[in-house]
Amino acid sequence: MKGYQIKISVQWTDPEVWRRVWIPSRLTFRDLHLVIQMLFGWKNEYIYEFYLEDSECVLTGNPYGKGNRSGGRMAPEKLLADDFLRKEKHIWYLYDYGETWEHLIEIEKTVEMDRRCPQVLDGEGPNMDEKYGSVLEFELKREEAPSFRAEEVNEWFRSNMEIPIRKREILFRVAGGKRHWETDDRMKDLLQEMREEGGGPRWETIRKERAEDVPRTLAESYAGRSREELCEIARHCRFRGYSKLRKRELESWLQDRLLEEDVMFRLMKKSSAGELELFDRAVRDGCVEVPDESRQPYDFLWKYCVLDSAGCLAVPENVRMAYEKLNDSGRRRTLQEAWKIRTFCQGAVYLYGMISVKELKELWKQYEGNMPDDLLLKEVLQEWKDSRGTILFDGKQIMDEWLEETEDRQKLEKEREGIERYLPESMDEFLRYGREGRQEPDAQTERALRFFCGKLSSGKDGTELFYDIREQVRIQGASGNMTELLRSLPVTVPRGKPEYEWLVYVRETAENTRSWHTNGFTLRELGKHVSGERKASEAGNLRILPEGKKIYPNDPCPCGSGRKYKHCCGRKQ
1 MKGYQIKISV QWTDPEVWRR VWIPSRLTFR DLHLVIQMLF GWKNEYIYEF YLEDSECVLT
61 GNPYGKGNRS GGRMAPEKLL ADDFLRKEKH IWYLYDYGET WEHLIEIEKT VEMDRRCPQV
121 LDGEGPNMDE KYGSVLEFEL KREEAPSFRA EEVNEWFRSN MEIPIRKREI LFRVAGGKRH
181 WETDDRMKDL LQEMREEGGG PRWETIRKER AEDVPRTLAE SYAGRSREEL CEIARHCRFR
241 GYSKLRKREL ESWLQDRLLE EDVMFRLMKK SSAGELELFD RAVRDGCVEV PDESRQPYDF
301 LWKYCVLDSA GCLAVPENVR MAYEKLNDSG RRRTLQEAWK IRTFCQGAVY LYGMISVKEL
361 KELWKQYEGN MPDDLLLKEV LQEWKDSRGT ILFDGKQIMD EWLEETEDRQ KLEKEREGIE
421 RYLPESMDEF LRYGREGRQE PDAQTERALR FFCGKLSSGK DGTELFYDIR EQVRIQGASG
481 NMTELLRSLP VTVPRGKPEY EWLVYVRETA ENTRSWHTNG FTLRELGKHV SGERKASEAG
541 NLRILPEGKK IYPNDPCPCG SGRKYKHCCG RKQ
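Residue numbers (UniProt numbering): 1 to 573.
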């Protein structure tokens, strides 16, 4: 069973009060809150808050479980910490709004654990206490504070905090949650917008003025960045030997490493076509204007470009020269092939959840007639082996982060046993799943999409709800209770006739969505596919619901609850 090694420190204490601990996977933020309370001797009396900086998310909890300000699926007792422990550099935990005791949670590494309870590894400093009104008062009375005894805490964890494997929730966009599974390349929309606008005389004047202010060298551009940010770039590139360098030395050292041909080309392969197209425009035009809402930390641009406060993206002269030397037709073909392999892998994970490297190669061969370039494939897989992203590689197979636990993979394999793999009609269609990371509306779901858009306050909310349903079905399957699926959505639907009306369209969407549990097929396709070969009941206990049939009061409810229609969705409000 996987777990995480984290270090938690109370800010502004001197010497610092900190604890290092192992925590199991599949724990909620409320579980993590209780772990922190025990580690520092807090008494769990006040409101607490988790601030997830990279995800721009705040979770607020009440120690008594009432009136949680986050609400719904964003409440600490609902949301698993795993989704953020993989991605966040650190997490802030604030306890007691009156005094605001700040704790910094640093995620150090992933570990293997043989138990489901936390385990203290190390720590320094005494326990804390709510009676101290501030850090200053605590420091003045530090000698009076109770001692921290790691073994006693571990004994308490073993006896009282066996954390069950919590059910993982999908974050819905309509509910205000940021989708951790979103993989769209937003750069394409930005580039299309820039092509349509074309700049004009005003922008041409601004561009010339900005171009004159662009630093000549990459090292000069790094002068405006903090040492911590430069170290982060070095870590991201997996460089070594920089930790003892002073900032000025680090600026030159990092520039020299990034301008090496093999390093620059390796980072080009890890970028996307949209990112390099924007980079090409900046090289050609001197600088390009990037709208504020589109300024994201794209890896290649983050390392090699300058973005000023006005949104002008520019390329230093020595970076431009190094890039032009590399940008020949042969390397461009290699880049296109590398991007294609990565997108193909993403499409396979999107459709099937997990796939072995051997099966992946065979799939590629079915479309292309030959095996993928082995070296490029290894480079792509290595990216996922080294990262904490949404796709993981364990040395044998690639998988969605949702399937990181062995038990989840085994359960999925058993559920879809005997169901052959769905194959898109063409390589282009396969790549579209990897590139877009979603299933677009089609003839079977267009009616449902119109219904959602008409019922919600805006067409955007309706569209996002449609994609949220599809994402839940893709990951968790559609053979369960449709009423439960509807009631899990971030919309309030009155029971009775209104709920049944919604159920028709939720079911319509669910049955026409590709899922890992049906090996990439939709339920409707699988129903047609197994006819004459296997009974639908044998196909992983999946049930195809009838279309257009009148429902009588004593008929089984079509939502799948097992109750009569008159006692379920057909009952009067």
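We treat Cβ as the ideally placed atom computed from N, Cα and C, and that holds for glycine.
All of these numbers come straight from a predicted model, not from anything done at the bench.
>> For the beta strand (DSSP E) containing C345, name the first residue and the last one.
In response: Here C345 belongs to no beta strand (DSSP E); instead the alpha helix (DSSP H) covers 329-352.
> Since R474 is in the alpha helix (DSSP H), which residue starts that stretch and which ends it?
Replying inline: Bounds of the alpha helix (DSSP H) holding R474 are 459-476.
> Should Y323 and L218 be called a contact, given that it needs their Cβ atoms to be closer than 8 Å?
Replying inline: The answer is no: Cβ separation not under 8 Å.
> How about P316 and E249: do their beta carbons lie closer than 8 Å?
Replying inline: No, the Cβ-Cβ distance between P316 and E249 is not below 8 Å.
>> Can you tell me which residues form a DSSP beta bridge with H103?
In response: Residue pairing from DSSP places H103 in a beta bridge opposite V10, Y93.
> Buried or exposed: E275, going by 16 or more other Cβ atoms within 10 Å of its Cβ?
Replying inline: Burial call: buried.
>> Quick check on the DSSP output: the alpha helix (DSSP H) that includes V153 runs from which residue to which?
In response: Its alpha helix (DSSP H) spans residues 150-160.
> What residues are listed by DSSP as bridge partners for P126?
Replying inline: Paired residues: none, contrary to the question.
> Could you give the distance in angstroms between the alpha-carbon of V10 and the alpha-carbon of Y95?
Replying inline: One Cα belongs to V10, the other to Y95, and the distance between them is close to 10 Å.
> Counting Cβ pairs closer than 8 Å, one from the region 338-347 and one from the region 236-253, do we hit at least three?
Replying inline: Look at the beta carbons and you see the region 338-347 not touching the region 236-253: under three pairs across the two are nearer than 8 Å.
> Quick one: what's got a C-beta closer than 7 Å to T110's C-beta in the same chain, skipping five residues either side?
Replying inline: Within the same chain, and ignoring the five residues on either side of T110 in sequence, the residues whose Cβ sits closer than 7 Å to its Cβ are K2, Y4.
> Around the C-beta of G369, are 16 or more other C-beta atoms found within 10 angstroms, so that it is buried, or is it exposed?
Replying inline: With fewer than 16 other beta carbons inside 10 angstroms of its own, G369 counts as exposed.
> Rounded C-beta distance between E53 and E88? I'm assuming under 8 Å.
Replying inline: Contact check for E53 and E88: beta-carbon distance about 7 Å, within the 8 Å limit, so the pair qualifies.
>> Cutting at 6 Å between CB atoms, please list the residues of its own chain near D82, excluding the five before and the five after it.
In response: The residues are S25.
>> Between the alpha carbons of A510 and V473, how many angstroms are there, rounded?
In response: Their Cα atoms are separated by approximately 6 Å.
> When DSSP builds the beta bridges, which residues end up paired with Q5?
Replying inline: Beta bridge pairing from DSSP links Q5 with W22, K109.
> So V315 is in the beta strand (DSSP E); what residue range does that whole segment cover?
Replying inline: Looking at the DSSP string, V315 is not in any beta strand (DSSP E), and its letter there is neither H nor E.
>> For E508, which residues in the same chain have their Cβ closer than 6 Å to its Cβ, ignoring the five residues on either side in sequence?
In response: For E508, where only same-chain residues beyond five positions count, the Cβ hits under 6 Å are A448.
>> If I measure Cβ to Cβ from C117 and keep anything under 8 Å in the same chain, skipping five residues before and after, which residues do I get?
In response: Same-chain partners within the cutoff: P24, F157, R158, M161, E162, I163.
> Using a threshold of 7 Å, is the CB atom of D408 nearer than that to any non-hydrogen atom of the ligand MN?
Replying inline: Absent from the structure shown: the ligand MN. Ligands present: none.
> If we ignore side chains and look at the alpha-carbon of each, how far apart do E182 and E45 end up?
Replying inline: Residue placement at E182 is poorly supported in this model, since its pLDDT is 32, which falls under 50; the coordinates still yield a value, given next. CA-to-CA, the gap between E182 and E45 works out to about 37 Å.
> Roughly how many angstroms separate the alpha carbons of M128 and E401, rounded to a whole number?
Replying inline: Near 36 Å, if we compare the C-alpha coordinates of E401 and M128.
> Which of helix, strand or coil does DSSP assign to I355?
Replying inline: Strand, per DSSP.
> Is Q119 buried or exposed, if buried means 16 or more other CB atoms sit within 10 Å of its CB?
Replying inline: With 16 or more Cβ atoms within 10 Å of its Cβ, Q119 is classed as buried.
> With 16 other CB atoms within 10 Å as the buried threshold, where does Y97 fall?
Replying inline: With fewer than 16 Cβ atoms within 10 Å of its Cβ, Y97 is classed as exposed.
>> For E155 and W12, what's the separation of their Cα atoms in angstroms?
In response: The alpha-carbon atoms of E155 and W12 are separated by roughly 29 Å.
>> Which of the three DSSP states is assigned to E88 in this structure?
In response: Three-state result, E88: coil.
> For the beta strand (DSSP E) that contains I391, what are its first and last residues?
Replying inline: Residues 391-393.
>> DSSP has E137 in a bridge; who is on the other side?
In response: DSSP output for E137 lists no bridge partner at all.
>> Less than 8 Å between the C-beta atoms of G477 and Y350, yes or no?
In response: Against a cut-off of 8 Å, the Cβ pair of Y350 and G477 comes out as no contact.
> Does the pairing of the region 356-369 with the region 389-401 give three or more beta-carbon distances under 8 Å?
Replying inline: By the Cβ criterion, the region 356-369 is in contact with the region 389-401, since at least three pairs of Cβ atoms, one from each stretch, lie closer than 8 Å.
> What residue does the beta strand (DSSP E) around Y48 start on, and which one ends it?
Replying inline: Y48 -> beta strand (DSSP E) spans 48-52.
>> Please identify the residue among Y422, E99, R86 whose C-alpha is closest to the C-alpha of I107.
In response: Looking at the Cα atoms, R86 is the closest of the given residues.
> With 16 other CB atoms within 10 Å as the buried threshold, where does S458 fall?
Replying inline: When all chains shown are included, S458 counts as exposed.
>> Considering only the alpha carbon of each residue, which of P76, K43, I47 lies closest to L59?
In response: It is P76 whose Cα lies nearest to the Cα of L59.
> With distances taken from CA atoms, which of N62, S55, L412 is nearest K43?
Replying inline: It is N62.
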